[in-house]
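Read through the structure below, which is laid out as structure tokens, and then see the notes.
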Amino acid sequence: MPDISSVELVEDYVFEDLSDSSFDKQDQREVLDDIDELEEHLVQWGRDITDCTTILNNTTQTIYRRRQGNFRIFFVRDGDILYCIGVGLRKRTYQRDIGKFQRRASAQLDEC
Numbered sequence: 736m737p738d739i740s741s742v743e744l745v746e747d748y749v750f751e752d753l754s755d756s757s758f759d760k761q762d763q764r765e766v767l768d769d770i771d772e773l774e775e776h777l778v779q780w781g782r783d784i785t786d787c788t789t790i791l792n793n794t795t796q797t798i799y800r801r802r803q804g805n806f807r808i809f810f811v812r813d814g815d816i817l818y819c820i821g822v823g824l825r826k827r828t829y830q831r832d833i834g835k836f837q838r839r840a841s842a843q844l845d846e847c
């Protein structure tokens, strides 16, 4: 049985990030495809989450980051569900942005 049963988008956050002018239509498709690919790795193949993501340091919540090409995709986990809480670009997502993802993680976990 896989450790993660599903990967879900927090659509308000993800689509807010993807609507930024930095993401063209192709970028948007690639990000969403990569999230689907991550779900396949975790759910169908049973890969360990730490093989596919890294855990961010110095955060109040456990936030997972996936680096895929120019994209940075952020997740928070509640039980066996992994929630995508945001997306950024490699050269435009900095340490100072982590606070935004921490707030989103807290809000998502409060909702669960």
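With this note's numbering applied, the sequence shown corresponds to residues 736 to 847, in that order.
Every residue gets a Cβ at the ideal spot worked out from N, C-alpha and C, and that includes glycine.
In angstroms with no decimal places, state the Cα-to-Cα distance between residue i and residue j.
i      : j      : result
Phe810 : Ile784 : 11 angstroms
Asp786 : His776 : 10 angstroms
Tyr799 : Lys760 : 25 angstroms
Gly834 : Glu846 : 18 angstroms
Gln803 : Glu774 : 14 angstroms
Ile739 : Tyr818 : 11 angstroms
Arg825 : Arg812 : 22 angstroms
Gly823 : Gly781 : 26 angstroms
Val771 : Ser841 : Note that residue 771 corresponds to Asp in the displayed sequence, not to Val. Roughly 23 angstroms between the two C-alpha positions.
Asp769 : Phe806 : 10 angstroms
Arg839 : Gln779 : 27 angstroms
Asp815 : Ser741 : 7 angstroms
Asp832 : Val749 : 15 angstroms
Thr797 : Leu844 : 11 angstroms
Thr794 : Leu753 : 23 angstroms
Met736 : Ile790 : In this prediction, Met736 has a pLDDT of 47, which is less than 50 and means its spatial position is unreliable; what the coordinates show is noted afterwards. Each residue's alpha carbon lies about 22 angstroms from the other.
Give the DSSP-derived three-state secondary structure of residue i in the structure shown.
i      : result
Ser841 : helix
Asp813 : strand
Val779 : Sequence inspection shows Gln at residue 779; the Val mentioned does not correspond to that position. Note: Gln779 maps to helix in three-state DSSP.
Val749 : helix
Leu744 : strand
Thr789 : strand
Gln796 : coil
Phe806 : strand
Ile820 : strand
Cys847 : coil
Between residue i and residue j, which are expected to be in contact by the criterion C-beta below 8 angstroms, what is the C-beta distance as a whole number of angstroms?
i      : j      : result
Ile686 : Val745 : The requested residue 686 does not occur in the structure, where the chain is confined to residues 736 to 847.
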